[in-house]
Every structure is written in structure tokens, then in C-alpha cells.
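J.: Just so you know, the sequences run in chain order A, B, C, D, E and F. Using the working numbering, the letters of the first sequence correspond one by one to residues 116 to 372. Using the working numbering, the letters of the second sequence correspond one by one to residues 116 to 372. Using the working numbering, the letters of the third sequence correspond one by one to residues 116 to 372. Using the working numbering, the letters of the fourth sequence correspond one by one to residues 116 to 372. Using the working numbering, the letters of the fifth sequence correspond one by one to residues 116 to 372. Using the working numbering, the letters of the sixth sequence correspond one by one to residues 116 to 372. Glycine included, C-beta positions come from ideal geometry on N, C-alpha and C. The structure that follows is given in the form of C-alpha cells.
Number of protein chains: 6
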Amino acid sequence: MMSFYEGVLILNRSFNRSFDQLRPIRFTEQYLSHPAGSVLAEAGATRVICAVSATESVPPWMKAQKVPGGWLTCEYSLLPSSTGERSKREINTGRPSGRTMEIQRLIGRSLRNCVDLEKLGEITLYADCDVIDADGGTRCDSITGASLALELAIRGKLGRAEAFRERIAAVSVGIVHGEVLLDLDYQEDSQADVDMNVVMTQSGKFVEIQGTSEGAPFERKRLDELLALAEHGIRQIFAAQQAVVDRVLSGGEETQA
Amino acid sequence: MMSFYEGVLILNRSFNRSFDQLRPIRFTEQYLSHPAGSVLAEAGATRVICAVSATESVPPWMKAQKVPGGWLTCEYSLLPSSTGERSKREINTGRPSGRTMEIQRLIGRSLRNCVDLEKLGEITLYADCDVIDADGGTRCDSITGASLALELAIRGKLGRAEAFRERIAAVSVGIVHGEVLLDLDYQEDSQADVDMNVVMTQSGKFVEIQGTSEGAPFERKRLDELLALAEHGIRQIFAAQQAVVDRVLSGGEETQA
Amino acid sequence: MMSFYEGVLILNRSFNRSFDQLRPIRFTEQYLSHPAGSVLAEAGATRVICAVSATESVPPWMKAQKVPGGWLTCEYSLLPSSTGERSKREINTGRPSGRTMEIQRLIGRSLRNCVDLEKLGEITLYADCDVIDADGGTRCDSITGASLALELAIRGKLGRAEAFRERIAAVSVGIVHGEVLLDLDYQEDSQADVDMNVVMTQSGKFVEIQGTSEGAPFERKRLDELLALAEHGIRQIFAAQQAVVDRVLSGGEETQA
Amino acid sequence: MMSFYEGVLILNRSFNRSFDQLRPIRFTEQYLSHPAGSVLAEAGATRVICAVSATESVPPWMKAQKVPGGWLTCEYSLLPSSTGERSKREINTGRPSGRTMEIQRLIGRSLRNCVDLEKLGEITLYADCDVIDADGGTRCDSITGASLALELAIRGKLGRAEAFRERIAAVSVGIVHGEVLLDLDYQEDSQADVDMNVVMTQSGKFVEIQGTSEGAPFERKRLDELLALAEHGIRQIFAAQQAVVDRVLSGGEETQA
Amino acid sequence: MMSFYEGVLILNRSFNRSFDQLRPIRFTEQYLSHPAGSVLAEAGATRVICAVSATESVPPWMKAQKVPGGWLTCEYSLLPSSTGERSKREINTGRPSGRTMEIQRLIGRSLRNCVDLEKLGEITLYADCDVIDADGGTRCDSITGASLALELAIRGKLGRAEAFRERIAAVSVGIVHGEVLLDLDYQEDSQADVDMNVVMTQSGKFVEIQGTSEGAPFERKRLDELLALAEHGIRQIFAAQQAVVDRVLSGGEETQA
Amino acid sequence: MMSFYEGVLILNRSFNRSFDQLRPIRFTEQYLSHPAGSVLAEAGATRVICAVSATESVPPWMKAQKVPGGWLTCEYSLLPSSTGERSKREINTGRPSGRTMEIQRLIGRSLRNCVDLEKLGEITLYADCDVIDADGGTRCDSITGASLALELAIRGKLGRAEAFRERIAAVSVGIVHGEVLLDLDYQEDSQADVDMNVVMTQSGKFVEIQGTSEGAPFERKRLDELLALAEHGIRQIFAAQQAVVDRVLSGGEETQA
């Protein structure tokens with residue numbers, strides 16, 4: 116990817132995007148038969164099956180510490196065939212990789228901002244994010260899709276609307292060859308000097324900010340640019356989520372941003 | 116499921132089927148972006164993503180024993196949210212369950228009948244079967260879908276048509292409340308006295324037969340009935356596979372039996 | 116093994132056997148001091164220690180689902196020094212191999228046909244099959260020996276004769292260089308085109324049939340030949356088991372078929 | 116901890132600190148006999164042994180991808196007796212916890228900004244951070260101490276000063292009961308609404324920013340306050356590191372900020 | 116076990132033994148078909164299959180450090196059904212227990228005194244000790260039996276007599292209810308205040324001494340008594356080993372002490 | 116290490132010691148903030164953090180067998196950077212090494228002689244021995260330091276002085292190039308023909324004796340010399356322990372032998 120940045124347009128981003136454009140978003144709700152809520156969340160060529168299931172128990176530490184209410188946790192996985200070069204199935208190494216654990220902890224922590232755990236009652240919600248096609252931004256797409264699946268589950272099948280606080284969404288931003296870019300695909304991500312994931316609530320507050328230099332530490336000024344770009348992108352993602360929620364309440368089936 | 120068997124029709128099988136009917140079959144080819152071949156194989160409400168990827172190496176034991184040619188292996192997994200009650204992710208126990216290992220060994224062994232390993236060259240083919248919705252018959256649906264993905268990969272992207280021997284397909288048959296049934300769904304399977312999986316080649320030969328009594332040993336006569344019913348079903352599955360292969364060669368996209 | 120098959124006799128099978136002869140069978144009962152029942156089961160040069168022990172508990176899933184009665188499970192292992200080339204001890208890889216899991220699931224499933232689990236009471240029976248010498252057919256020899264150890268345990272030390280339903284036995288059959296053979300030894304097994312394990316009850320019904328083509332799918336006609344040969348062999352094994360049971364009731368010590 | 120925030124001083128922070136004060140810092144260099152560089156890094160009651168060792172090899176993926184130069188990785192661990200309630204030793208669960216993996220990945224990634232991996236030559240540097248007393252901020256104290264141990268190792272025993280780019284340091288900031296605080300101890304951390312770890316280079320650039328809401332998403336304005344406070348604290352840590360480096364070059368032994 | 120010690124005879128030891136008598140010893144050589152050497156070693160009701168196999172490789176650390184010659188290692192295991200109450204199979208916990216590791220390290224270390232590793236050539240000898248009946252003293256019986264299997268293997272099938280240095284044997288001694296006893300069975304062992312295992316060479320030197328107080332530290336005087344008793348017992352074991360070696364050289368089959 | 120032994124002095128032992136001298140001993144008590152008792156135990160260049168913590172529970176087997184009182188167990192670990200060449204962190208192999216398990220079993224078993232478990236009440240004491248610098252004798256230094264930490268914990272913070280029986284201490288002795296030596300450092304240990312660890316009580320009784328020949332079996336006479344030398348050394352260690360106990364009771368801080 117050689118990019119010639121001239122004010123507005125980078126000619127060769129995927130989907131012919133400018134630096135501040137998202138990839139096409141698409142949500143297919145109730146994608147699976149069994150879980151309380153499920154969504155196939157697509158961001159360009161990245162596709163993640165997000166499913167939320169409820170079990171009638173809480174973790175041992177909650178019982179031990181007598182914490183009232185419920186719990187929410189996340190498990191994330193890449194299908195071996197989701198990546199350019201086939202990834203080894205983690206079960207064959209006997210343990211999740213550090214990357215997997217870092218990502219599922221981030222997703223779980225973020226999603227717990229969406230629910231009032233006390234009002235949930237004594238259940239554990241599992242948010243399963245299984246990536247079937249990976250082209251960059253899988254953790255952000257997982258958060259965005261899982262928030263939607265969670266909302267559909269809690270306000271729908273589980274019938275506990277009062278426990279749902281607020282929707283969240285996430286997007287990646289980065290600095291590639293000196294330019295700030297919104298929603299990096301795999302090619303861009305692999306060349307980025309700075310990579311940042313931002314998770315926000317619909318009311319415009321920050322849930323998580325994770326900015327990482329890949330060998331090129333960055334100045335405060337660039338940080339501000341990245342945060343502004345992320346906010347810009349996330350607002351559009353919220354609109355796409357809203358469209359699904361509106362449609363599902365009135366019986367439709369699928370949306371596209 | 117109370118079933119009143121009167122000659123031809125069992126009133127309450129899913130999809131209103133008679134004892135000798137398959138569930139609707141549907142194959143969506145090139146379902147994933149990256150692998151050499153991929154198929155979403157659906158049998159009623161059971162859905163499996165079957166993907167075939169190639170890597171440029173062979174297992175250590177082949178090198179040690181100087182076995183010429185390539186290898187083919189299978190990995191099978193249930194998504195946690197694919198089952199009625201959420202299944203625990205196997206990575207959290209550190210090892211695949213006995214059921215998983217038994218199934219993936221069966222699939223791999225069966226698929227190796229489709230290829231001439233020597234003509235394949237020094238590569239390993241991975242057939243990944245990831246179940247996204249489980250409603251009985253997942254191992255048979257995996258074999259049928261993976262054979263198709265394998266054929267599309269070898270005769271397509273991998274360009275080694277000469278190494279492809281023959282297509283295979285599989286179906287389950289069983290005895291439920293005393294009746295022989297074709298293509299059991301989960302409800303039927305959980306009440307079966309005898310459960311049998313049959314894998315055949317397109318030329319009508321047997322690749323695998325696995326018949327198991329669940330506490331009710333069966334006579335030779337019933338075995339013959341089960342085998343006949345399986346052959347009857349498998350012939351229809353071959354027709355559906357053929358339709359996909361025909362269409363892909365002339366550029367279409369999806370078929371339904 | 117070059118074999119010249121002329122109607123009746125294959126000159127160079129081990130023990131100078133014809134195609135339809137078993138290897139010598141020998142059972143040594145109460146081979147170990149501690150378990151409720153134990154048998155050293157020998158089929159030619161294959162030797163397996165089969166032991167059945169009872170523990171006063173049932174698996175957690177039975178309690179959770181309130182299933183009444185007891186349980187029976189099997190664990191199978193090869194001693195490292197039981198094979199021609201020493202096998203690695205599985206504990207050093209941290210998990211049982213797929214082969215081990217497949218075999219012990221088969222044995223356990225088969226043996227559960229011998230007992231009325233409800234009448235057993237709230238105990239778990241462990242059938243341990245530890246192969247000390249391996250020369251082919253270890254899973255069949257394990258089933259045959261474990262059925263005997265189980266019968267001696269339940270009708271003997273455990274004093275729950277009413278929970279014993281029926282004896283089972285198993286034998287392997289196969290197609291080697293185009294011929295059907297009964298009770299394959301290791302040399303024959305390693306050259307077989309088709310390998311089939313058949314488990315039957317003393318009353319002549321099928322408990323398990325597992326037929327596998329090793330790269331050479333087989334026709335229905337050959338399947339029928341294999342099944343007939345297996346039935347022929349299993350009848351003789353039942354006679355050998357009967358002799359032990361008869362003798363133990365009247366106080367003898369060892370038998371040979 | 117009840118805190119009455121009146122402009123400058125919070126009366127009951129540990130060490131009687133105001134909201135913008137660090138805990139006392141203390142570095143004991145060459146704390147261990149064997150590694151190329153080692154430092155006991157203390158921040159208040161938090162104490163971490165940071166050691167940097169070199170081995171003559173690089174990870175397999177570097178060889179496979181022919182990446183020139185060396186590598187740096189980190190391993191982090193809490194001694195069981197380092198925490199208020201004894202922590203279970205991770206070896207007994209067979210795998211590092213998600214928290215451990217997340218932290219050691221953060222430290223390793225941050226430290227790789229300190230070195231020019233290509234100039235390092237074909238070696239792997241291990242930065243071991245073993246916490247012997249934990250009172251909050253262990254990951255930041257580890258980064259600060261390991262950067263120092265790394266500098267002493269590379270510019271000292273390893274004699275590869277040209278591969279050292281720049282020193283880094285880290286500090287935590289957070290929002291507790293509505294107030295922004297610098298360098299949280301365990302008591303403060305366990306009550307924080309927002310927890311942020313900031314890693315910077317001596318030249319004032321950002322290496323990592325990880326901000327997390329613990330159930331209370333935060334506004335952009337608070338983010339700016341937190342970042343300013345972190346920069347303020349990190350500048351003092353750099354001064355303390357500098358004092359050690361200066362002293363070690365002229366032969367002294369220990370410093371205190 | 117109530118014991119009335121009156122000078123010479125303790126009435127109720129198993130096999131009606133006095134304090135200084137061994138249990139009956141019995142060795143069955145070439146007990147298994149495949150390994151280079153194998154012995155069923157029986158000491159009273161304790162029975163261990165000891166097998167020695169050779170593989171054409173040495174451990175990686177020997178290659179790395181360029182240590183010339185071969186290696187010898189031991190693996191020890193209890194069959195689940197070898198103990199009074201069935202023992203859990205270690206594979207199900209994923210790792211050998213501490214007891215198992217301690218024992219197999221002891222046996223391996225002891226046996227390495229029997230061979231000149233340099234003269235052995237570049238092979239690894241595996242001494243597998245699998246206990247089929249456990250009634251106390253399994254580690255000593257393993258050492259004694261494995262030394263014999265090793266001698267038969269090296270001086271026999273492996274044809275490297277020049278690499279065999281000297282035979283070893285082991286016995287346990289202990290203090291039970293205040294009395295010193297030779298060759299404790301399980302009942303005695305479980306009540307012992309002091310438990311000691313002694314391994315010696317045929318030339319009368321010590322290879323290992325492991326004495327342990329079980330809550331009752333012992334004086335130097337008792338230690339001397341225990342060592343004398345152990346020497347007394349080991350001399351008899353050497354005689355029994357010698358008888359087997361003599362017989363095998365002249366073609367006999369089995370011996371009993 | 117070339118050693119010229121002439122009656123009394125070996126010129127080149129570390130710290131210029133004669134054959135019967137200990138390395139300098141130093142104990143720093145209450146080295147950690149949290150555990151009930153902790154000691155940094157130094158023997159020459161070997162340094163071990165010994166910590167004793169109490170938890171309000173007992174192992175499942177004690178409950179199952181209704182054993183009254185409490186329990187004491189030990190966990191031992193080498194910091195990766197404690198050894199000359201960096202050691203791999205055991206968590207990365209998923210299980211403790213055989214060496215680690217053997218050592219922590221020895222330490223735990225020895226320490227249980229110090230306490231009256233019944234008087235302890237229903238708690239489990241964990242003795243954590245974490246080696247930060249290894250120069251030979253780490254298991255003995257761990258025992259000596261942990262006995263002290265245990266005494267300070269039980270007679271101090273835990274307030275159960277009545278459960279403390281007696282102090283223990285340990286030392287290594289060995290035969291190097293034909294000479295008996297007290298308290299071997301790493302250099303000496305790696306060249307030893309015989310290596311023996313001796314654990315004794317303050318009242319002069321033996322708790323454990325573990326003598327191992329490293330390829331050179333030893334005579335009874337040498338054993339007696341080794342035991343005498345060990346007793347001689349241990350008496351001095353008890354004096355050093357006593358000094359700490361005396362000081363801590365009257366409020367001092369640190370001692371040196």
C-alpha cells in the first residue's frame with residue numbers, strides 16, 4: 116500500500132475510502148438459532164459472529180465475596196481459517212494465547228459498562244465473539260457487534276430491559292506512514308506506527324482507550340487528532356446500531372450502513 | 116416427540132418429513148475470504164462452516180518414515196453458542212474432549228479417501244469444520260460439506276485436479292422408538308436406541324460405518340434396513356453436491372436441495 | 116507377509132491359522148489383588164490386564180440431571196514397553212491421544228450394554244484396560260476381557276448379580292491383500308485395506324460395528340462377508356468366556372481356548 | 116479511605132501525599148548476582164525485582180521470516196506472598212492468568228521502544244519483572260525499573276550502547292471518588308472509577324496509553340486532566356532514573372527520590 | 116497391626132516374618148515380548164513390570180553440551196487398579212504427581228550407577244517400572260527389578276556387556292511402633308515413624324540413602340541400626356538376582372528366593 | 116577448582132573457607148509486607164525469600180478423612196534470573212519440573228516436624244521459598260530460612276506459640292575430588308561425587324537424610340564422616356537462627372553469622 120495523502124483522499128484504501136471513512140458496516144441479527152441474542156457483525160471484509168447466552172449461575176468469587184447481582188464475561192476466538200495464513204487452533208497448544216486473553220478481557224470489561232449487573236439478577240452472560248473472517252479491527256468489530264447482541268438479548272428474549280444501561284461501540288484509529296487513518300484494515304494495521312482502539316458510550320463518554328506505539332512514540336498533538344477521528348467514526352457506528360434496534364422492534368431483518 | 120408410524124409418514128418429524136426423507140440441504144460455497152475452499156453446509160437447522168487450507172509442510176512422522184506425498188487432517192469444533200444450552204469452550208479445559216477427537220479423526224480418515232496423497236505433493240491440507248448451529252448430524256454434515264470444500268479447493272485454487280479421486284458424503288440413520296429413521300435431528304438423536312453414521316463414495320462404496328447401540332443391541336435384519344436407508348439418503352446428497360460443482364464451474368452462487 | 120490364499124489355508128498367518136481362525140485365547144482371572152474383578156486376557160501375543168473397580172459416587176452430570184442408578188466408564192492405556200517400538204508415555208504430553216480416547220469411549224459404551232445401570236445403585240464402575248503386550252486387536256481383547264472381569268466383579272465380590280444383563284465379546288475382521296481375515300495380528304492390521312471391529316452380545320445382537328476403509332472403500336458384498344466372519348469368531352470367544360465363568364463358580368483357576 | 120479534597124492536599128493518602136504527588140521512589144541496582152542488569156524498583160510499598168538477561172538466540176518466527184537483529188520479551192509474575200491475601204502460584208493452574216499475560220505483553224511492547232533491535236545483534240533479551248511486594252502500580256513500577264535494568268545491561272555488561280535508544284517510564288493515574296490522583300496505591304486503585312496507565316519516553320512522547328473505566332465512563336475533559344497529571348509524575352521518575360545512571364557510571368550504589 | 120516384639124519374632128508380620136526377614140522375592144524374566152529386557156519383580160504382594168528399551172537418540176541437552184555417550188532415564192507409574200482404593204490415572208490431571216516424579220528421578224539416578232554411559236554409545240535406555248500390584252516398597256522393588264532387566268538387556272539383546280558396571284538392589288527399612296523392621300509392607304509403612312530407602316551396589320557401597328521422619332525425628336543410634344538391617348536384606352536380594360542371571364545364561368526360566 | 120587438601124585448609128573454596136566451614140549466614144526478618152512471617156535467608160551468594168502465610172482452610176483429603184487440625188505445605192521456585200544461565204520460567208512448560216517437586220516435597224515434609232498440626236487449628240500454612248540468587252544449597256537454605264519464618268509467624272502474628280514444636284535447620288555436605296566438604300557452593304556441587312542433604316532438629320535428631328552418589332557409590336566410613344560434618348555445621352546454623360529469634364523478641368532488626 117503506497118499512499119499519497121493530499122488533503123482529503125487516499126486513493127488506495129480498501130473500498131476507495133478517504134482517511135476519515137469507515138468500511139461498510141453490516142449487521143445480521145439473530146444469526147444463530149440458540150443464543151438469547153446474536154449478530155453477524157461485518158466491517159468491510161471482517162466478519163464476527165457475536166452471541167450472548169445466559170446461564171443460571173455466577174462466578175465462585177462473587178458468591179465468596181457475596182457480591183449481589185449477575186456477571187458478564189467474554190470469550191473471543193479466531194477460526195483457524197479466518198486469517199490469510201491459516202492460524203493454529205489454540206486448543207492444540209492447550210491454552211489461549213496472550214493476544215486472545217488480552218482481547219477478551221478488553222471486550223468483557225467494556226461490555227460490563229452496558230449493563231447494571233445488580234439489576235441483572237443471579238445470571239452470567241457469556242458474550243462469544245468468534246471471528247470467521249479477519250481483515251483488521253476484529254476486536255472493535257466484536258465490541259460493536261456484541262453490544263448489539265447484548266441489547267437484543269437483554270431487551271428481547273431475556274426480558275430484563277431495566278438492566279440495560281447504554282449501548283457502546285468501538286473503532287480503531289492509527290498513524291500509517293505519518294497519516295492518521297480511521298478504521299484500519301489488515302494491510303494498514305500491519306504497517307501502522309501507532310495503533311489505537313477507542314471504545315465509547317452512545318452518550319459520548321470514553322469506556323476504554325488503548326494506544327500503542329509500534330516503535331514510533333507519538334506526541335500529544337497526534338493523540339488529540341486520533342481521538343477526534345475515533346469520535347467521528349464511532350458516531351456513525353451508533354447510527355447503524357440504532358437502525359437495527361429500530362427495525363427489530365418493528366420486525367425487519369437486516370441493515371447496511 | 117411422539118411418533119405414530121403408519122407405513123409411510125411420520126407426522127411430527129421436523130420439516131414434516133417421512134421416515135426416509137432428508138432435511139433440506141443447502142451449500143453456500145466460498146463462504147470465507149481466505150481458505151482455498153470453503154462451504155457453509157446446512158442440513159435443516161444444522162450449519163457447519165467447512166474450510167480447506169493448504170500449508171507447505173508435512174507432519175514429522177512422514178518425514179521420519181520418508182512417506183512420499185502430502186497429508187490431510189481435520190479439526191472439528193462446536194461454537195459455544197451453537198448448542199441449545201451453551202457449551203463450554205474447550206480451550207478452557209486445555210484439551211479437546213473425547214467426542215471432539217473421535218469426530219475429527221473420523222472426518223479426517225474419511226476425507227483421505229477423496230485424495231491421492233502422493234499426487235498432492237508435499238503439502239498438508241487442513242479441513243476445518245466449525246459448527247455454528249447444532250441440531251443433530253453435525254459430523255455427517257461436516258463430512259459432506261468438507262468433501263465439497265476439498266473438491267473446490269483441489270480442483271480450483273490449488274490447481275491439483277489430478278490428486279482428487281472421488282467425492283464422499285455421509286448421513287446418519289437410527290432406530291427411534293422401534294422405527295428406522297433417516298437423517299436424525301437432535302430431538303430424535305437423543306431418543307435413539309441405535310445410532311449409525313455411514314460414509315460412502317459417489318461410486319457407491321463404503322468408507323466408514325459406525326453403528327452404536329445406546330443400550331438396545333440390534334439384530335442383523337435391522338442393520339440391513341439401516342444400511343439401505345443410508346444409501347438411499349446419500350444418493351440425494353451426492354446430487355446436491357453435484358449441483359454446486361456444476362454451478363461453480365459455470366460461475367453461479369448457491370444451491371438448495 | 117506374503118499370503119497365498121487357496122480356498123482354506125493361509126500358510127503364513129501367525130499360529131498357522133486359516134483365514135477364519137482365532138488366535139489362541141487365554142484368560143487368567145483375579146490377576147490382580149485389589150480390584151473387584153480382574154482378568155489377564157490374552158489373544159495370541161496380545162495381552163491386556165482388565166480390571167473392574169467400584170467407587171461410591173457417580174459423575175457430576177448424573178447428579179445434576181438427577182439420573183437414577185450408577186455409571187460405568189473405561190480407561191485404556193498402552194504400557195510404553197508393550198509395542199514393538201517403545202511408545203511415549205501419554206502423561207508426558209499432558210493428555211491422552213485421540214486414539215486412546217476413541218478406544219476407551221468405545222469400550223465404555225460397549226460395556227454399558229452389559230449392566231442395568233439403574234439396578235447397580237449409586238456407584239461408578241471403572242473398567243481399566245492396560246495393555247502389556249500389543250500385537251493387534253488390543254481394543255477387542257480389552258472388550259472381551261473387561262466383560263469377563265465385569266461379570267466376575269458384579270456377580271462375585273460386588274454381590275449385585277441382578278444388575279448384570281448379558282456378556283459381550285469383540286473381534287476384529289479385515290480385508291488384507293483382497294482376502295477377508297478373522298482376528299488380525301499387528302502385521303496383518305498394518306497392511307489391511309479394510310479394518311472392522313464388531314462387538315456382539317451373547318444373544319447374538321450387535322452392540323457396535325466400526326468399519327473403516329484405509330484408502331480402499333469396500334462394497335456391500337464384502338461387508339456381509341466380514342460380518343459373517345466376525346459372528347463366527349465371536350461365538351468361539353463366548354465359549355471361552357463361559358468356561359471361565361463355569362470354572363470360577365466351582366473354584367478352578369485358568370482356561371485356554 | 117475517606118478523602119476531603121480541598122485544592123491541594125488530600126489528608127489521608129499514603130505517605131501524606133497531595134493528589135499530584137508520587138510515592139517515594141527507590142532503585143537498588145545490580146540487586147542480583149547473575150543477570151546482565153538488575154534493579155530492585157520500589158514505589159512506596161510496591162517492590163519489583165527487574166532483571167535483564169541475554170540469550171544467544173532469537174524466536175523461531177524471526178528466523179522463519181528472516182527478520183534481522185534481536186528480540187526483547189518480558190515475563191511478569193507476582194510472588195504468592197506479595198499480595199495482602201496470598202495469591203495462588205500460577206504454575207499450579209498450568210497457565211499464566213489473563214492479567215499476567217496482559218501485563219507482560221504491555222511491558223515487553225513498551226520496552227521494545229527503548230532499543231534498536233537490529234543493532235542489538237542476534238540475541239534475545241528477557242526482562243523478568245518479579246513483584247515481591249504489591250501495593251498498587253506494579254505494572255508501572257515494572258516498566259520503570261526494567262527500563263533502568265535494560266539501560267544498565269545494554270550500556271554496561273552487554274557493551275552494546277549503540278543499540279540503546281531512549282529511556283522510558285510509566286505511572287498510573289485515576290479518578291477516585293471524583294478526583295484525579297497520581298500514582299494510586301492498592302487502596303485507591305480498588306476504589307477507582309477510572310484507571311489509566313501511561314508510558315512515556317524521556318523525550319516526552321507517548322509509548323502506551325491504557326485508560327479503563329470501571330463502570331463509570333469518562334469525558335474528554337477528565338482524560339486531558341489525567342494525561343497532564345501523568346506527564347507531571349513521569350518527569351520526576353525520569354529524574355530518579357537519571358540519578359542512578361549518573362551514579363553507576365561514577366561508581367555509587369543507591370538513590371532515593 | 117499390633118506387634119509384640121520379643122527379641123526375634125514379630126508374630127503378625129505378613130508371611131509370618133521376623134523383624135529382619137524379607138518378603139518372598141520372585142523374578143520372572145522376559146515377561147514382555149518387545150523390550151530389550153523385562154522382568155516381573157515380585158516382593159510379597161507387590162508386583163512391578165520392569166522393562167528396559169533402547170532408542171537411537173540422546174536428550175537435547177547432551178547434544179547441546181556435547182556430552183559423549185548415551186543416557187538412561189526412568190518412568191514409573193502405578194496402574195489405577197494396583198492400589199487398595201483405585202488410584203486416579205495421572206493422565207487425567209495432565210501431569211505426573213510429585214510422588215511419581217520423585218520416585219522416577221530416584222530410580223533413574225540409581226540405575227545410572229549400573230552403566231558406563233560413555234561406553235553405551237549414542238542411545239537412550241528407558242527403564243519403565245509399571246506397578247501392577249502395590250503393597251508397599253514399590254520404589255525399592257522397581258529398582259531391584261529394573262537393575263535385573265537392565266543387566267539382561269545390556270549383556271543380552273543389546274550386546275554391550277562392556278557398558279555394564281555393576282548390579283544394584285534396594286530395600287526399605289523403618290521404625291514402626293518403636294521397632295526397626297526390614298522390608299515394610301503397606302500396613303507397616305502407613306504406621307511408620309521413620310521410613311528409609313537404601314540402594315546399594317553388589318560390591319557393598321551406597322548409591323542412595325533416603326531417610327525420612329514422619330513426625331518423629333530419630334537419633335544417630337537408630338540410623339545405624341537401620342543401615343545395618345538394610346545391608347543385611349540387600350545381600351539376600353543380590354543372591355536372588357544372581358540366581359536369575361546364572362539361570363538365563365544357561366537357559367532356565369524362573370526363580371524364587 | 117583445583118583443590119590441594121593438606122589437613123585443614125583448602126585454599127580456593129569461596130570465602131577462603133576450610134573444608135568444615137560454612138559460608139557466611141545472614142537472615143533479614145520481616146522482609147516482605149504481607150505474610151505472617153518472612154525472612155531473606157542468605158548463605159554466601161545464595162539468597163532465598165522464605166515466607167509463611169496462613170489461609171483459613173485445609174486440604175480436601177483432610178476433610179474427607181476427618182483428620183483433625185491444620186496442614187503445612189511448601190512451594191519452591193527459582194526466579195529465572197537467579198541462575199548463572201537464565202532458567203526458563205516453569206509456567207511456560209505448564210508444570211513444575213521434577214526437581215522443583217522433589218525439593219518442595221522435601222521442604223514441606225521437613226517443616227511439618229516443627230509444628231503440632233493438631234494444635235494449629237483448621238488452617239493451612241504455606242511456606243513459599245523463592246530463590247532470588249542461586250549459588251548451591253538452595254534447598255537447605257530454604258529449609259533453614261523457612262523454619263525461622265515459620266517460628267516468627269506462629270509465635271508472632273499468628274499467636275499460636277503452643278503449636279510450635281522445635282526449630283529445624285539443614286546443610287549440604289559432599290565428597291568432591293575425594294574430600295568431604297561442608298556447605299557446597301555451585302562450583303563444588305557440580306563436581307561432587309556424593310551429595311548429601313541433612314535436616315536436623317535443634318535437639319540433635321535427624322529429620323531427613325538424602326545422600327546421592329553421582330556415579331561414585333560410597334562406603335559406610337565416608338557416610339559417617341559426612342554425617343559428622345553435617346552435624347558440626349548445623350549446630351552453627353542453629354546459633355544464627357537463635358540470635359534472630361532473641362533479637363526479634365527484644366525489637367532488633369538484622370543479624371550476621
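1. State yes or no: is the beta carbon of M216 (chain A) nearer than 7 Å to at least one beta carbon in chain D?
2. Within the 7 Å Cβ cut-off, does S257 (chain C) reach chain B?
3. Would a C-beta distance cut-off of 7 Å place R138 (chain D) and G213 (chain A) closer than the cut-off?
4. So that I know if they touch, is there some Cβ in chain A lying closer than 7 Å to that of I269 (chain B)?
5. Please report how far the alpha carbon of L193 (chain D) lies from the alpha carbon of S318 (chain A), in whole angstroms.
6. Output, in sequence order along the chain, the residues in the region 199 to 225 of chain E whose CB is closer than 7 Å to any CB in chain C.
7. What do you reckon, is the C-beta of D231 (chain D) under 6 Å from a heavy atom of the ligand ADP?
8. Please classify L137 (chain C): does DSSP put it in a helix, a strand, or coil?
9. Does the region 220 to 232 of chain F touch the region 257 to 264 of chain F, meaning 3 or more C-beta pairs lie closer than 8 Å?
10. Would you say P195 (chain F) faces chain D, with C-beta separation under 7 Å as the test?
11. Kindly say whether V173 (chain E), judged by its beta-carbon, lies nearer than 7 Å to any beta-carbon of chain F.
12. Taking S148 (chain C) as the reference, which of E:K320, E:D308, E:V322 and E:E157 has the closest Cα?
13. How is the alpha helix (DSSP H) around D256 (chain C) delimited, first residue to last?
14. I'd like the span of the beta strand (DSSP E) that includes I247 (chain C), first residue to last.
15. Quick check: what's the CA-CA separation for I164 (chain B) versus E217 (chain F)?
16. Say whether chain C places a C-beta atom closer than 7 Å to the C-beta of I352 (chain B).
17. Against chain F, which members of the region 319 to 338 of chain E pass a CB distance test of less than 9 Å?
18. For F142 (chain C), which residues in the same chain have their Cβ closer than 8 Å to its Cβ, ignoring the five residues on either side in sequence?
19. In chain order, what residues of the same chain have a beta carbon less than 6 Å from the beta carbon of C189 (chain F), not counting five sequence neighbours either side?
20. Tell me which same chain residues have a C-beta within less than 6 Å of the C-beta of A345 (chain E), skipping the five on either side of it?
21. Which residues share a DSSP beta bridge with F321 (chain B)?
22. Is the distance from the Cβ of I238 (chain B) to the Cβ of A169 (chain B) below 7 Å?
23. Among the residues of its own chain, which have a CB less than 8 Å from the CB of E205 (chain F), if the five just before and after it don't count?
24. What is the DSSP secondary structure of R220 (chain D), reduced to helix, strand or coil?
25. What residues in the region 228 to 247 of chain B have a beta carbon less than 9 Å from any beta carbon of chain C?
26. Check the Cβ-Cβ distances between A261 (chain D) and every residue of chain F, and say whether any is below 7 Å.
27. Could you check whether the Cβ of T316 (chain D) sits closer than 7 Å to any Cβ belonging to chain A?
28. For S148 (chain F), would you say it is in contact with chain D, using Cβ-to-Cβ distances shorter than 7 Å as the test?
29. Look up E346 (chain E) in the DSSP assignment and say whether it is helix, strand or coil.
30. Name the chain F residues that come within less than 9 Å of S153 (chain D), Cβ to Cβ?
31. Alpha carbon to alpha carbon, how far is F353 (chain C) from A151 (chain C)? Give it in angstroms, no decimals.
32. Using the beta-carbon of each residue, which ones in chain A are nearer than 9 Å to E190 (chain B)?
T.: Taking the definition as stated:
1. yes
2. no
3. no
4. no
5. 38 Å
6. G199, R201, R204, E205, I206, G209, R210 and P211
7. The ligand ADP is not part of the structure shown, which contains no ligands of any sort.
8. coil
9. yes
10. yes
11. no
12. E:E157
13. T253 to R270
14. T239 to D248
15. 48 Å
16. no
17. G319, K320, F321, V322, E323, I324, Q325, G326, T327, S328, E329, G330, A331, P332, F333, E334, R335, R337 and L338
18. V154, L155, A156, E157, G260, L263, A355, Q356, V359, E369 and T370
19. Q219, I222, G223 and A242
20. V286, V288 and V313
21. B:M315 and C:F333
22. yes
23. S192, P211, S212 and T215
24. helix
25. N228 and L232
26. no
27. yes
28. yes
29. helix
30. S196
31. 22 Å
32. P195, R204, I206 and N207
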